[in-house]
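One structure is given here, and the rest of the page talks about it.
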Amino acid sequence: MRKPLAKDALKQLAESHGVCVRPLALRRTDTATGLTEVVEVPCGATLAVKCKPCAEKGRRLRIQQIREGWHLADEPAVRPDKPDGDALALVRVRAHLEFEREAVQYQPMTPDERAAQVAEIDAAIAELDEALAETSLRGQLTPKERDERPRRKRSTRRRQDSPDLPRLPVDPRTVGRAYSGRTGKTHRPSMLVTLTLDSHGPVHSHLRRGAYVAPCECGTRHGPHDDVLGTPVDPAGYDYRRAALDAIHFARVLDRWWQNVRRAAGWNVQYAGAVELQRRLAPHAHFAIRGTLPRRLLKQIAAATYHQVWWPPFNEPVYRVDKPPVWDVDRQAYVDPKTRKPLPTWGEALDALEEPDSRPAYVARLGRIDARGIDQGTRDAERSIRYVTKYVTKDLTDQAKPRSDPQKAHFDRLHAELSVLPCSPTCANWLLYGVQPDGVKAGLTPGRCTGKVHQRSTLGFTGRRVLVSRQWSGKTLADHRADNRAWVRAILAGGMADTEDHDQAADDADGSKRYRFELARPEDPDVPPLEHRLLRAISARIRWRTDLDTARLRTTAITPATDQPAALAAYAVEK
Ligand SMILES: [Zn+2]
Ligand SMILES: [Zn+2]
Ligand SMILES: [Zn+2]
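Under UniProt numbering, think of the first position of the sequence shown as 1, with each following residue one higher.
Here it is in structure tokens:
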């Protein structure tokens, strides 16, 4: 039993050679000859638990993306091509269908007839959307899900109050200012900012000032690996409710923050960063910002940034998890277990919010901001990029795993709080606060909502982990991936000649029309077992790397190192 498993050896070898451990098999059909062939693509997972090599590759691309965008001197040229005539014609038909669908609602007919007509139109829309997906258009034309409920009229009072900040018209400029140094060298400073939530109560901290370790709030000088670090000094007094709610709404607060920054700065500030968990288990975010802003202004914006949650009030639970409201089949509603009186519906609860004296159920605010100037191409810049992307291949809670009993207790207590708070309008937990959730149905159990917010792997934060603004590098991650491939191909072809690169691209454009791709099923007779495919891929990778190294030696003599994409250059150094 102690012999290592063959399966593990295979996985380890694949990982050490950067070969995807769960490649997808695609069936490629040559539409000219009708021949089909099974080809493989890496799974492209972003989390290391799913596939380490793919997640690591993704992280490298993120590093490259942040590096290329941080100190851009010229506006990134993002000029999408004009949509072609075919695409426009399809969108035109789609518009007519949308009009008809709405018109059906106002024509006199029985509900059954109406439902049938809508279903017919929806089928046509689905077909058209499929055709649209095959055109050159990028992104979705309409939201995926159609919201059938009537739009609620929002009173102006419910808008977010505008923060007390300078408000400038936003200039389309996205690059920072350049300064000439005394030696004639141009400096293009940028910033690294960290956005942190407010305190929810003092926590044990390792406070280092140079060589001196300052005493923590509790009076002890904690070492950097002390068991109590990150846990509350007074667990009974720690505001777990606010900690949980701040985590749930942190993503929205970040959105508000960037809106406010752009308005107050007066130019289209660009950013790239990631959300991480602090030791006290609160989410915080590190961002590289292109260009600089006065520190005082940033502090002012942070202080004025908040997000109002316009939900029915949920300060005090009305029911307990073990004695929740019960479902009344006749009334199709949840009722009080004793009085059998139905609870207010979601719509009724929202209507109550229209009263003039109503207040938001919660206001999430930003706490502290730390900002640092970073100069282009310095060691500091490189270190900051690694710092920002350090944990992007891990689940949020992975690097804040509790290691000691006090830390476990802190984690569990926060998780317990999250399991009874409402995560969204449809959350079963609304029953605890005496309101029927949106889209109410039988079988809802408070405390058992499957929403991501309540899971131990998120601890409340379910927004995107990596946030890159649209005009950061002017490229998507896929573009960066293509950049690297083109370079490798050029080197393998024995030179950096432009023409060759170009021909290759032309082939690809042609190939994408000639071949049709679909997912191959593992039980198809021509799809070899995963193990055979992995072994082949490992061998191919080893040979490919040898070829690349040989070719690199040949080309370094004629190619200056600066022509390489930065990520590959860095990779070579790491290796
Ligand atoms: Zn993979
Ligand atoms: Zn302490
Ligand atoms: Zn929920």
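No residue lacks a Cβ here, since even glycine has one placed at the ideal position from N, Cα and C.
- Looking at the DSSP output, Y179 shares a beta bridge with H187.
- Look at T292: its beta carbon is at least 7 Å from all of the heavy atoms in ligand 2.
- Burial state of M109 is exposed, judged by a 10 Å Cβ sphere holding fewer than 16 other Cβ atoms.
- Checking the 7 Å criterion, the Cβ of T220 is within range of a heavy atom belonging to ligand 2.
- CA-to-CA, the gap between W310 and H200 works out to about 22 Å.
- In this structure, Q300 sits away from V363, with a CB-CB distance that is not shorter than 8 Å.
- In the structure shown, V335 falls within a strand segment according to DSSP collapsed to helix, strand and coil.
- Around T445, the same chain offers P324 and A428 as residues with beta carbons nearer than 8 Å, after the five sequence neighbours per side are excluded.
- When the five nearest sequence neighbours on each side are left out, the beta carbons in the same chain lying within less than 6 Å of the beta carbon of E68 are those of S473, in order along the chain.
- A direct Cα-Cα distance of roughly 16 Å separates R138 from Q471.
- Here DSSP, grouped into helix, strand and coil, assigns W258 to helix.
- With respect to the C-alpha of Y306, the residue from K57, A264 and H249 having the closest C-alpha is H249.
- Taking a C-beta distance under 8 Å as the contact criterion, V170 and R242 do not qualify as a contact pair.
- Contact annotation: A274 and A285 have beta-carbon atoms nearer than 8 Å.
- In this structure, DSSP gives K11 a helical state, which the three-state scheme calls helix.
- If you ignore the 5 residues before and after R403, its C-beta comes within less than 8 Å of the C-beta of D227, all in its own chain and listed in chain order.
- In this structure, R188 is the residue among S180, D483, H225 and R188 with its C-alpha nearest to the C-alpha of A381.
- Around ligand 3, the residues whose beta-carbon falls short of 5 Å from at least one of its heavy atoms are C423, C427, C449 and G451, given in chain order.
- For P53, the distance from the CB to the nearest heavy atom of ligand 1 is below 7 Å.
- Apart from sequence neighbours up to five positions away, the residues of its chain that approach H206 with a beta-carbon distance below 8 Å are V213, C216, H222, G223, P224, D226 and L229, ordered along the chain.
- DSSP, reduced to helix, strand and coil, places G273 within a strand of the structure shown.
- Placement of the Cβ of E217 at a distance of less than 7 Å from at least one heavy atom of ligand 2 is found.
- Note that the segment 530-540 touches the segment 13-24; at least 3 beta-carbon pairs, one per stretch, sit closer than 8 Å.
- For Y387, the uninterrupted alpha helix (DSSP H) run begins and ends at R379 to T389, by DSSP.
- If you check the C-beta of R22 against ligand 1, you find a heavy atom less than 7 Å away.
- Not a single heavy atom of ligand 2 lies less than 7 Å from the C-beta of V388.
- For E40, no alpha helix (DSSP H) segment is defined; the enclosing uninterrupted segment is the beta strand (DSSP E) at T36 to V41.
- Of the residues T36, T33, A55 and A32, the one whose Cα lies closest to the Cα of P42 is A55.
- In this structure, S180 places its C-beta atom within 8 Å of the C-beta atom of T186.
- DSSP lists no bridge partner for R403.
- Check the Cα spacing between D164 and each of E75, L396, N260 and G184: the tightest is with N260.
- By the Cβ rule, the segment 384-400 does not count as touching the segment 329-343, because fewer than three pairs are nearer than 8 Å.
- A119 and L97 have their C-alpha atoms some 12 Å from each other.
- Taken atom to atom, the span from the alpha-carbon of P422 to that of W430 is near 6 Å.
- Between ligand 2 and the CB of H410, the shortest heavy atom gap is not smaller than 7 Å.
- Burial is judged here by how many other beta carbons sit within 10 angstroms of a residue's own beta carbon; A247 has at least 16 and is buried.
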